[in-house]
Each structure stands twice: as structure tokens, then as C-alpha cells.
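With my numbering, the residue at position 373 of the sequence shown is 368, and numbering never jumps.
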Amino acid sequence: MMILPLLLSLTLQSPQERMGLTPHEDALTPGYILIAPLKSKTTFLIEKTSKKVAHKWESSELPGNSVYLMDDGDLLRTTAPGGNEVFKGGGAGGGVQRISWEGDLIWELDWSDDTRLSHHDIEPLPNGNLLLISWEHKTAEEAFEAGRDPEYINDSGIWPDYVVEVKPPVGLEANAGEIVWEWHAWDHLVQERAPSKANYGKVAELPGRIAINGDLTIKTAAQLAREAELEEEMKGLGYIGDDSGDDSGDDGNDGKSQEVPGAKPDTQGRQKGGDWLHTNGIDYDPIHDLIVISSRVFSEVWIIDHSTTTEEARTSEGGRFGKGGDLLWRWGNPSRYGAGDAGDQTLFKQHDPSFIPEGSPGAGNLLIYNNGEGRPSGAYSSIVELELPLNEEGDAFPRFTDAFGPVQPAWEVGAKEGGPKLSFFSSFISGAERLTTGNTLICVGASGRILEVTQEGELVWEYVWPVQDLPAGRRPQGRGDRPNRPEGGGPPGKPRAGGRPGGPGGGGPGGGRGGPDLRNAIFRAIQILPSHPGIALLQNSPKPESNAD
């Protein structure tokens, strides 16, 4: 099957032809979309109405993975230079670049060595600094002494995440900038399997701590097979290396066990590995000085206090909320902190938690792309909006009974087959953004599909990023979203064995066992309004040589 012609034919169809929905173009939020396709060294600014490339920035590196447009028109772009022999997990980065509107490199930050590696996402702060997500390396012996079950330690050790605030470098000489503040997950652990080891305590009594064995669950043969399938998809995309210790589902591991006391192979032949948390997104709330991060492995989002000093962030005291660096609030999977079971889980391998900003409906609430990978009721994605249970003083997140609120989302869109008309699915990456108009921008990452929907869940705008001049290689068979066929065009494709969509109309763009061509995958899409200060530079920019549709 020819992939590009099929993609183009899908793109030329209107959203109504493809989705069978009532047109709502008059509700479109005007402006542009900023995207950095994972297999391209170019970042694109797409004008929404024409779906043409309005501007683009070239780089020497692939993205690693998020990008931002700054007020002066500069591009802030994560990079994935590769070459790190310690950290090879999904979403690996290693650097950040600031590139001018004209394409000149202004500065470059290097965050890759044998002790640390930045990955997935960054967050620019109002003071000009950056928040980075980074792995740090802990040896197998350190993991054992911290209370990690030795059955799940391999010779890559363990890679807990930490958040670091960095003042960017000045000039073109690559360096790590100046570290301003740090928070380490490693400082806030709990375990109840080994009384003689560090961090011993009752998990259910310490919800502000992270259970170092909280990711260890018994998996069915079907779940293990699905993890292996995802590993192959990610390797085919180049999203991960071929030799890693991650057990996040975005990655694989080498199956080798470190010789620590009591260590032995998993009875199912799989050794749990280094990327123990797989933090895949970060955002900042400037009003309450809070940071939210997303752990894909735990299927939870966590909020921590940025008002602490680095010293306080190592402890359980201090800061505006008085809890130091302990988790202030968590949501998505209460079983991870001993407050429920699998039936209480609401998030499934989620990405991109973001505080809704002032000026947009729902300001202060949290928006999450709930990927739905492993969802018991079926693999479908949804966008979840949560009203955060802050007290009136804005300095505490109350815990009720055994779990953290809210009980139900304030808003949700997206449904499985047979539900409401708007249906989409991406097993990894992806994101969502609340717009000033009240609409929500959705990036269905695996298939490079971008949607804008109203508060009522009606489709306003749809765009599929076409594969352009990218290396073909081995096309992985991904699991993408499943757009409904046009009304009167027959039923959507039915799932094949194992729940994979198949047949005409049942797969995402690119076809092939019902999956997308992952070469057009996008980590996240960002809305750029016409009033954005950087957009004024378009008037003096030459027209790009190629368009995106």
C-alpha cells in the first residue's frame, strides 16, 4: 500500500466527510499550530485555515521532544543528539536549543552524560529559566539499599526522575547553564518489604511518598505481549534505543539481572528495568508556584511545591504548603499509594498534564491526555479536565477518606467504539490544550492527527500531518486512532484478534494492520494566537518553499 497517497487523500477530505460530524467551522480558534514531528529536524508553524506552512525552523538535531514559541519569535526546542550509553529510554533528549526566528542558534544547553539525561519535556518559566525533567543514575546496589525488590533490579541500575530549574547558558558554547533549584523523586520514597533498608514505612500511611516498588504488578500474558509490541513500535520510530532498561511500555529492557543479594530473574522472563517512573510531561502554575508532572508507569499525575528551597525540597517540611518536596496531590491510580485497587484507576499511561491558564475557561484546572493504553473497557483515549481540590487559602490539598479528589472529572471528551461520535486513540505521546475560546486542541500523537473541539465535544477543525521527505526505514505497525467512516459509508473497521482495529476505515492514517505510519508522529501541538508577539515577524518572512498539506 502506498502510504503517502493514502495520507494525502485522507487530508483532502473535510472533517465532516471523514468523521460524519455536523460542521462547526465558525467556532474555529484562529491562528497557527506549532509542531515538531518526531522524525524531522524541522519545526513547523502551520496556519490553521489554509493548513499551509507559515514558517519553519531548521535544526541539526531531532526533537527531544517538546518545543515552544517565545514572545520575541525565538524557538525553544528540546533536542535528542543521541550517543548516551547509560540512558536509552523512551523520549530520551539530552539538550535544549534557542533558535532565532531567522534560524540562527542563540544558545545550546547540554544535559547528557553518564549521570543524567534530560527527556520528554521542558517548561519555560516567567523568570526566563527552564524546568527540565531528567533521569539520574542510581546503581543496582543503591536501588537495593533503598528497598527496591531485588528481583526487579538489573545491571542498568535504576533511573529515578528529578526536576531541575536551570538558568540558560549565554552564547554558543554548549554547557549545562546554572542550576537554580532541584527536586528529586529519590528523596521521597517509601517501601514496606524490607524493614532493614532505607525508606521503610506503610505505603498507605504516607501518600506524599513514592513507593519504590509501586510499579511492580502481576501482568497477564496479553499485557506482556502488548508491551513487547509497543517496544517494537517505539524502536521503529526511533523514539527509543535498542538496548534499554525501561519497563514503561514505551521501551524495553535487556533481561539481565544485577548480582545483588537475592536478585533473580522474573518468573515470566522479564526483568524490570531502569526507567522506573517514566515522567513524560511537566507544567507550571505561576499563581500557586506549583509543578505538575506525569508518571506513565504509575498512571498518575503528581503536584509538587516549587516554593521550597532545594534543601527543603529534599525533606518533608518547608515551602508554602509546609510539606517540603513530598507530593502535595496525586490522581489517577490510588492503588499506587495503597488507597484502592485496579477498579479505582482512572488514568491509563497518560501524557501532557497542563494547568489551564488565566484567560481560558476552566482557568486553574488541570487538563490531561488520558491515552487509555490498557484501559479495561477498551483502548481509547480521552481528554480529562480536573478541578483541583485546593482549599480556600490555596495552600493545601485535602485528602478525603483514602483517596485524593476530585471523584469525577469536571469535563471529559473522547469515547470508545460505539460511544459519542468523536473517538480517537494514541497509545503513547499526545497532548491537549485549552484555548481562550473555550475550545480544546487535541494532538493524537501516534497518528499525527490534530483536532479542535468545542466544550460540547463537537469537532471544529482537523488536520493530519503528512509524511514529508522522511526516511522510510521499517514502518512499524502502530496502534493509532480510529476515525469513524462518513455517514452512510458502512460501519467502522472492527477490531481484529487482540483488539487491533483493521479493515477499511478502521485504522488510523497510513493503514497497515489498522495502525498509523509512525513517521508522522507528533509529541504535542501548541496553539499560537494571531496576537502572539512573535507572529508579527511573519510579515517580513519569506514564504516557505514547501507546504504541509
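Even glycine gets a Cβ: it sits at the ideal position worked out from N, Cα and C.
Spatial neighbours of residue i within its chain, please: C-beta separation below 7 Å, excluding the five flanking residues on both sides.
i: ASN434; result: ALA22, THR24, GLU447, VAL448, THR449 and VAL455
i: PRO401; result: LEU381, GLU382 and PRO384
i: THR303; result: GLY313, GLY314, GLY319 and GLY320
i: ALA138; result: ILE148, GLY152 and ILE153
i: ILE174; result: VAL159 and VAL161
By the DSSP assignment, the beta strand (DSSP E) with residue i in it spans what residues?
i: ASP66; result: Neither: ASP66 is in no beta strand (DSSP E) and is coded neither H nor E.
i: GLY426; result: 426 to 429
i: TYR364; result: 361 to 365
i: TYR27; result: 27 to 32
i: ILE530; result: It is not in any beta strand (DSSP E) - ILE530 carries neither H nor E in the DSSP assignment.
i: GLU168; result: Counting along the chain, GLU168 falls outside any beta strand (DSSP E), and DSSP gives it neither H nor E.
i: PRO356; result: Run containing PRO356: none; DSSP gives neither H nor E here.
i: ARG545; result: Within the shown structure, residues of the chain are numbered from -4 to 544, placing residue 545 beyond reach of any answer.
i: THR38; result: 37 to 42
i: PRO348; result: 346 to 350
i: VAL408; result: 406 to 408
i: LYS47; result: 47 to 53
i: ALA520; result: 517 to 523
i: VAL462; result: Careful: VAL462 lies outside any beta strand (DSSP E) and carries neither H nor E.
Check the C-beta distance from residue i over to residue j and give it rounded, since I have them as a contact under 8 Å.
i: GLU295; j: ASN328; result: 5 Å
i: SER330; j: ASP339; result: 6 Å
i: ILE288; j: VAL158; result: 7 Å
i: LYS192; j: ALA135; result: About 14 Å; that fails the 8 Å criterion.
i: HIS19; j: GLU453; result: 5 Å
i: ASN60; j: LEU29; result: In fact, because the Cβ distance is near 13 Å, the residues do not count as touching under 8 Å.
i: GLY98; j: THR74; result: So it is not a contact: roughly 15 Å between Cβ atoms.
i: ARG429; j: GLY357; result: 6 Å
i: SER113; j: LEU127; result: 5 Å
i: ALA334; j: ALA391; result: Actually they are not in contact, since the Cβ atoms of ALA334 and ALA391 sit about 18 Å apart, beyond 8 Å.
i: LEU104; j: GLY172; result: 5 Å
i: ALA31; j: PHE518; result: 7 Å
i: LEU362; j: ILE351; result: 6 Å
Between which residues of its own chain and residue i is the CB-CB distance below 6 Å, once the five residues before and five after are set aside?
i: SER377; result: ASN365, GLU407 and GLY409
i: GLY276; result: ASP116, SER289, HIS346, ASP347 and PRO348
i: THR432; result: THR24
i: GLN253; result: A caution first: GLN253 carries a pLDDT of 33, below 50, which makes its placement in the model unreliable, though a value can still be read off. Excluding residues within five positions, the ones whose Cβ falls inside 6 Å are ALA135, ILE148, ASN149 and ASP150.
i: GLY196; result: VAL185
i: VAL292; result: ASP210, SER243, LEU272 and HIS273
i: TRP176; result: GLU160 and THR305
i: GLY369; result: PHE343
i: LEU201; result: VAL185
i: ALA169; result: GLU103 and ASP105
In three-state terms, what does DSSP make of residue i?
i: ASN579; result: Any answer about residue 579 is impossible in this case: the structure gives the chain only from -4 up to 544.
i: ASN248; result: Residue confidence is low: ASN248 scores 30 on pLDDT, short of 50, so the model does not pin down where it sits. Its coordinate-derived value is still stated next. Residue state, collapsed to three classes: coil.
i: ALA189; result: coil
i: LYS489; result: Because LYS489 sits at a pLDDT of 30, beneath the cut-off of 50, its placement in the model cannot be relied upon, and the point is left open.
i: ALA22; result: helix
i: TRP178; result: strand
i: GLY338; result: helix
i: GLY59; result: strand
i: ALA441; result: helix
i: LEU417; result: coil
i: LEU454; result: strand
i: LEU184; result: strand
i: SER239; result: Caution is warranted here: a pLDDT of 39 is assigned to SER239, below 50, making its placement in the model unreliable, and no coordinate value can be reported.
i: LEU436; result: strand
i: LEU211; result: coil
Once the 5 residues before and after residue i are set aside, which same chain residues still bring their CB inside 8 Å of it?
i: ASP550; result: Because the chain in this structure spans residues -4 to 544, residue 550 falls outside the shown range and cannot be described.
i: ASP66; result: HIS527, PRO528 and GLY529
i: ARG309; result: HIS179, ASP182, GLY319 and GLY320
For this session: Could you pull out every unbroken beta strand (DSSP E) segment of at least 3 residues lying fully inside the stretch 259 to 328, listed in chain order?
Result: 274 to 280, 285 to 290, 295 to 300 and 324 to 326
For this session: Scan the stretch 89 to 159 and note each continuous beta strand (DSSP E) run of 3 residues or more that stays entirely inside, going in chain order.
Result: 90 to 94, 100 to 105, 111 to 119 and 125 to 131
For this session: May I have a chain-ordered list of the alpha helix (DSSP H) segments no shorter than 4 residues that lie completely inside the stretch 363 to 396?
Result: none
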